[in-house]
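In what follows, a single structure is set out as structure tokens and then discussed.
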Amino acid sequence: MNFQSLKIHKQLLKALEKLSLIEATDVQKKIIPLIQEGKDIMVLAQTGSGKTATFLLPTLQFILEKDAPRSSTRSLILLPTRELAIQTQVYLKQLASFTYIKSGLIIGGEAFKHQVATLRKNPEIIIATPGRLVEHIEKGTTDFNDLEILILDEADRMLDMGFADEMHTITKSCNKNRQNLLFSATLNHRGFRQIKTMFKGPKLIKIDSARKCPQQISQQIVLCDNKKHKEELIVALISEKKANKIFIFCKTRIQCEQLNSFLRYKKYRSAFIHGEISQNDRKAVITKFHSGGIEILVATDLAARGLDINDVEIVINFNVASSGDEYIHRVGRTGRAGKKGKVISLITADDWNQMSSIERYLKIRFEKRVLKGLKAQYCGPKKIKNSGKAAGTKKGKAIKKKEVIN
């Protein structure tokens with residue numbers, strides 16, 4: 024199905040054509056008509072499924088087709104991180120390039136007074152992060168009394184980052200007769216109970232399963248013995264395929280810094296981000312990774328939340344993810360917009376049971392891989408339960424894993 028069949032405004036179709044976007048994704052086919060009908064919706068969709076255009080296009084169309092005095096903001100888009108907010112505004116400007124619609128960006132790390140000046144111009148659409156927007160609401164530099172569409176994107180990540188109170192404050196300040204759109208990978212967070220109360224008979228739509236990873240992403244595990252072995256494997260994995268962008272996940276900030284130091288010693292163009300680096304340093308690193316100045320980004324899960332970086336070809340889990348949902352978020356760094364990607368997890372004996380829990384959560388079995396000359400002494404548990412976890416002395420049904428040596 025193409026965008027024209029979705030009855031998209033002709034000025035938006037011109038922008039889509041300029042961006043070489045003709046065919047709508049599954050998310051867009053199912054969700055755009057519902058938004059056009061004015062319904063409140065809650066969408067469970069994976070990162071990289073085309074959901075940003077899913078809410079931007081009907082929002083822009085609504086503003087183009089429904090006249091209103093240009094004296095107030097008509098739509099608010101709330102996002103978890105400044106990087107994602109910036110990227111969303113860039114995309115919005117591209118889609119709105121043949122229209123009069125203006126947007127404003129309200130994020131942390133930018134001059135407050137400049138944002139006040141932006142708000143005074145009453146842009147049709149505001150793109151914001153929760154913390155900074157609450158500051159403006161409390162200081163009376165903005166109001167959303169006439170707001171018509173509220174969009175919460177990556178809602179689960181905002182809650183994970185501790186923005187539940189800010190989200191509640193923002194939604195309370197908005198016009199009650201608005202349309203609400205929520206996009207999330209999961210609805211498991213307890214904070215969703217309060218958020219759901221603001222919706223008017225919302226329609227819940229699941230695009231694929233929140234537990235299903237895109238088919239174009241190859242998922243592998245490599246068994247290893249210790250930290251030194253992991254580092255050797257990292258070098259081999261980087262060397263075997265010259266990828267433009269590689270994302271490596273670590274559990275702690277110390278591990279991030281140590282692995283980055285090791286990669287820099289090996290002459291790789293790498294950098295790290297974690298929760299304790301400054302906004303300016305984080306911004307500089309992300310900009311370099313976008314532009315290709317950095318080829319390898321080492322990050323913690325929290326620091327990577329909300330990042331929207333295209334063309335990441337390989338994700339390496341130096342440490343196993345803490346949960347199935349966390350693993351899905353990591354997978355979402357690659358294989359975007361239907362492109363192929365690869366996720367490789369380095370698994371020690373201590374990681375086996377957690378890895379098996381993730382397999383059970385996703386209802387899949389990862390491909391087990393061995394790199395020539397770097398085979399681990401650890402070959403997996405001698406006995407495995409039906410669940411896939413290591414068994415002690417109890418009998419269990421062994422689960423065979425496909426093994427590829429290359």
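In the numbering used here, the protein residues as written are 24 to 429.
Ideal Cβ positions, reconstructed from N, Cα and C, are used throughout, including at glycine.
Bear in mind the structure is a predicted one, so any value in this text is a computation, not a measurement.
Check, Outcome
"Among the candidates A178, D373, L182, whose CA atom is the shortest distance from the CA of V66?", "A178"
"On the premise that I150 lies in contact with T111, defined as a C-beta separation below 8 Å, what is that separation, rounded to the nearest angstrom?", "5 Å"
"Does the Cβ-Cβ distance between I319 and E106 come in under 8 Å?", "no"
"Are there 16 or more other CB atoms within 10 angstroms of the CB of A433, so buried, or fewer, so exposed?", "Nothing can be reported for residue 433, as the shown portion of the chain is limited to 24 through 429."
"The alpha helix (DSSP H) that contains G154, what's its start and end?", "153–162"
"Which partner residues of G403 appear in the DSSP bridge assignment?", "None; G403 has no bridge partner."
"Less than 8 Å between the CB atoms is what I'm expecting for A322 and F389, so what's the real figure, rounded?", "With a Cβ gap of about 21 Å, A322 and F389 do not count as contacting."
"Please say whether L156 and Y401 have beta carbons closer to each other than 8 Å?", "no"
"Would you call E171 buried or exposed, if buried means 16 or more other Cβ atoms sit within 10 Å of its Cβ?", "buried"
"Measuring CA to CA, which of Q243, M190, Q239, R201 is closest to Q217?", "M190"
"Going straight from the alpha carbon of V335 to that of I240, what length do you get?", "11 Å"
"Where does P81 land, buried or exposed, given buried means 16+ other C-beta within 10 angstroms?", "buried"
"Could you tell me which uninterrupted alpha helix (DSSP H) segments, each at least 4 residues in length, are contained entirely in the stretch 192–252, listed from first to last along the chain?", "215–219"
"Hey, Q51 and T77: beta-carbon distance below 8 Å or not?", "yes"
"List the residues that DSSP assigns as beta-bridge partners of V66.", "F206, I228"
"Alpha carbons only, please: which of E349, D248, I332 is nearest the one belonging to V393?", "D248"
"Label K425 either buried or exposed according to how many other C-beta atoms from any shown protein chain fall within 10 Å of its C-beta, with 16 as the threshold for buried.", "At K425 the pLDDT is 45, less than 50, meaning the model places this residue with poor confidence and gives no usable figure here."
"From K264 to M378, what does the alpha carbon distance come to, in whole angstroms?", "25 Å"
"Taking 8 Å as the threshold (C-beta atoms), are R353 and F295 in contact?", "no"
"Helix, strand or coil for S94? Go by DSSP, reduced to three states.", "coil"
"With H, G and I counted as helix, E and B as strand and the rest as coil, what does DSSP make of F457?", "Residue 457 lies beyond the range of the chain shown here (24 to 429); nothing can be said about it."
"Buried or exposed, going by whether 16 or more other CB atoms sit within 10 Å of the CB of D373?", "exposed"
"What number of angstroms, rounded off, separates the C-alpha of K268 from the C-alpha of E46?", "26 Å"
"Please report the straight-line C-alpha distance between L260 and K395, rounded to a whole angstrom.", "11 Å"
"Since I believe I130 is in contact with T165 (beta carbons under 8 Å), could you give me their beta-carbon distance rounded to a whole number of angstroms?", "That pair is no contact at about 14 Å."
"Going by Cα to Cα distance, which pick from P146, L173, T209, S28 is closest to Y350?", "T209"
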